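These notes concern the structure reproduced below.
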Ligand code: MG
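Residue numbers (the working numbering): 12 to 360.
Structure follows, in C-alpha cells:
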C-alpha cells in the first residue's frame, strides 16, 4: 500500500512530466510556428521604410518611422474598391476580372470570398446607415446590400438608357449617392461585358429614396475615382481619359458642381481612386508608369504633391480603416497592401 506521501510525490512527478509537457507544448509549438513563418527568402524591411517618400515637409508629420508597407495578401487579377467596416473589423474589396468581392479580417488575417459572383463589382462605399453600396460593371448598375443580405438595385438606367458601367461612388451627408460612369466595364470583356455606349460618360447624383437622379457633369472623358473634401465644399474627380488630371469642383448647395479646375496633372501616369484625410489632403491611387511612380500620391489641399507611398504594383484605389482610421489600405493590381500613417481618413469611408 502506497503512502499518501508517496502518491503525492508520484502524482507530482507525473504531473511535472505529463502536465509539464502539456504546458510546454503550446509554447514550443508556437515558437516553431513563428520559426516556420519566418521566411529567410523574404527581404527584411529596415525602419524607416524608404517606400514612404517625403517630397514636401508638410508630409513628414504623417510618416511613422517604425511603420512599413505591408503586403497583406496577393492572388487577385485587378484589385479595386476597398471599403472599411469598422463595426465588423474587416475590409471588402473587388477582384473585378475574377468576379468576386474579397474580405480581409483584421483580427484573424485570412482572406475569404465575401461574394461571388459579384457582377464584376468595382467601387464600394457605405451609405449613412452603414449599408454597402456597390458599383457593378457586369450588370451596369449601382446596388445597396441590405441588413438581411438582400440586394436592392438603386439605378441601372438614365432616361431609359442603360448606364455604361458605374465605377466608383461616394455618399454625401444628405444621403445622395454620387457616382461615376466611365464605362470601362463595357470597353472590354475582361472586367464586364463588351458593349456599345448608350450614354455619355458622366457623373451622377442619385437620391436612393426617391430614385431621382441628375447629371452633375459630363465634361470628363473617363470620370473615375471621386471624393468629397472633408467639409463637402469640394468634389475631386480623377479623369483617366485624356488629359489624365485630377479635377476639382465647387459643390454648390450640395446639389451641383461649378468652377471646374485642374487640381493635379498626373502625366505621365493616372490617378484612380481618391480619399481625403481630416486635414483635407488628397490621397490618390496612382500608376501605369512603373517604379518611382506607382503607388499612392498625396496632395496638399493647394494641389502640391507632398508625398508618395511607393508600391511594386499599380494602385487602383485606397481607403482608410482601423478604429482610429489611421491605417491606409491600398488595392494594387494583384495585391492588398496597408500601412499605418499619422493621418486620419475623413469620415465616412
Ligand atoms: Mg476606379
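For each residue, glycine too, the CB sits at the ideal point set by N, CA and C. Just so we're clear, the structure is a prediction, and the values are computed from it rather than from any experiment.
- With a threshold of 7 Å, the Cβ atom of residue 354 does not count as near the ligand MG, since no heavy atom of the ligand is closer than that.
- Distance from the Cα of residue 235 is smallest, within the candidate group 332, 168, 256, for 256.
- Scanning the stretch 301 to 356 for uninterrupted beta strand (DSSP E) segments of 3 residues or longer gives 306 to 310, 316 to 321, 328 to 332, 338 to 343, 346 to 351, listed from N- to C-terminal end.
- Taking a cut-off of 8 Å on C-beta distances, the stretch 196 to 203 touches the stretch 175 to 182, as three or more cross pairs fall below it.
- Nearest neighbour of residue 92 by Cα position, chosen from 78, 224, 238, turns out to be 238.
- Going by beta carbons, residue 330 and residue 343 fall outside the 8 Å limit.
- Residues whose Cβ lies closer than 7 Å to any heavy atom of the ligand MG, listed in chain order: 91, 133, 134, 178, 179, 235, 236, 283, 284, 327, 328.
- Counting only the Cα atoms, residue 183 lies some 20 Å from residue 167.
- DSSP places residue 197 inside the alpha helix (DSSP H), whose first and last residues are 195 to 198.
- Taking residue 270 as reference, the option from 84, 278, 245, 300 with the minimal CA-CA separation is 245.
- Annotated three-state conformation of residue 243 is coil, per DSSP.
- Under DSSP, residue 116 takes part in a beta bridge, and its partners are 101.
- In its chain, beyond the 5 residues on either side, 106, 107, 108, 109, 345 have a beta carbon closer than 8 Å to the beta carbon of residue 88.
- Here residue 348 is buried. Its C-beta has 16 or more other C-beta atoms within 10 Å.
- The C-beta separation of residue 144 from residue 155 comes to about 6 Å, placing the pair in contact by the 8 Å criterion.
- Under DSSP, the beta-bridge partners assigned to residue 249 are 257.
- Spanning the alpha carbons of residue 274 and residue 69 requires a straight line of approximately 18 Å.
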